[in-house]
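These notes are about the structure you will find just below.
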Amino acid sequence: MARGVLDLGSITAVGRLVDVGRLTALLDAGVVLAPGERTDKPASLTRRQAQGVLDQVVRLVADLPVDSTPEVVWTLGANELLCHTDRTTIALAPGIVTMTVVVTCDEIDGDASIPVPFGVGTTERPVGLL
Numbered sequence: 010m011a012r013g014v015l016d017l018g019s020i021t022a023v024g025r026l027v028d029v030g031r032l033t034a035l036l037d038a039g040v041v042l043a044p045g046e047r048t049d050k051p052a053s054l055t056r057r058q059a060q061g062v063l064d065q066v067v068r069l070v071a072d073l074p075v076d077s078t079p080e081v082v083w084t085l086g087a088n089e090l091l092c093h094t095d096r097t098t099i100a101l102a103p104g105i106v107t108m109t110v111v112v113t114c115d116e117i118d119g120d121a122s123i124p125v126p127f128g129v130g131t132t133e134r135p136v137g138l139l
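Quick note: the sequence shown uses the numbering used here, first residue 10, plus one each step.
Below is the structure:
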């Protein structure tokens, strides 16, 4: 597969592992999109539906076993960052999806919420993930 091409077939394992409800119908394993190409079936989710998918996908991406703690320690050299995967949230605004990761480390008092925004377009101006 060419670099930068999104093959929806590669994420069918996520569809099997994650109960995504009606979102599964939007994933066609035979579809391959080139950079900048849009799907014929745009996805539309409520914040609650998106949060439900995110709750499960975060654990999958962090490679956490089902019965394990939701905390993950990211390490780089002598630096460590505790990520609370069970407190990751999603917010939706026109054209923007923001995922917020809650982290803790020795250098801060308490937790820090780190927002990560993604440009996704709107119905009036559809685009792929930016």
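Yeah, the Cβ is synthetic: ideal placement off N, Cα and C, and Gly gets one too. What you are looking at is a predicted structure, and each value in this text was computed from that prediction instead of being measured.
{"Check": "Proline 126 - DSSP class collapsed to helix/strand/coil", "Outcome": "strand"}
{"Check": "Completely contained beta strand (DSSP E) runs for the segment 70-117, where each covers 3 or more residues", "Outcome": "80-85, 88-102, 104-113"}
{"Check": "Local Cβ density within 10 Å of isoleucine 99, reported as buried at 16 or more and exposed below that", "Outcome": "buried"}
{"Check": "Nearest-angstrom Cα separation, counted from aspartate 49 out to alanine 121", "Outcome": "39 Å"}
{"Check": "For cysteine 114 and threonine 97, the rounded distance between their alpha carbons", "Outcome": "16 Å"}
{"Check": "Under the three-state DSSP convention, the category aspartate 49 falls into", "Outcome": "coil"}
{"Check": "Contact check, valine 112 vs leucine 91, beta carbons under 9 Å", "Outcome": "yes"}
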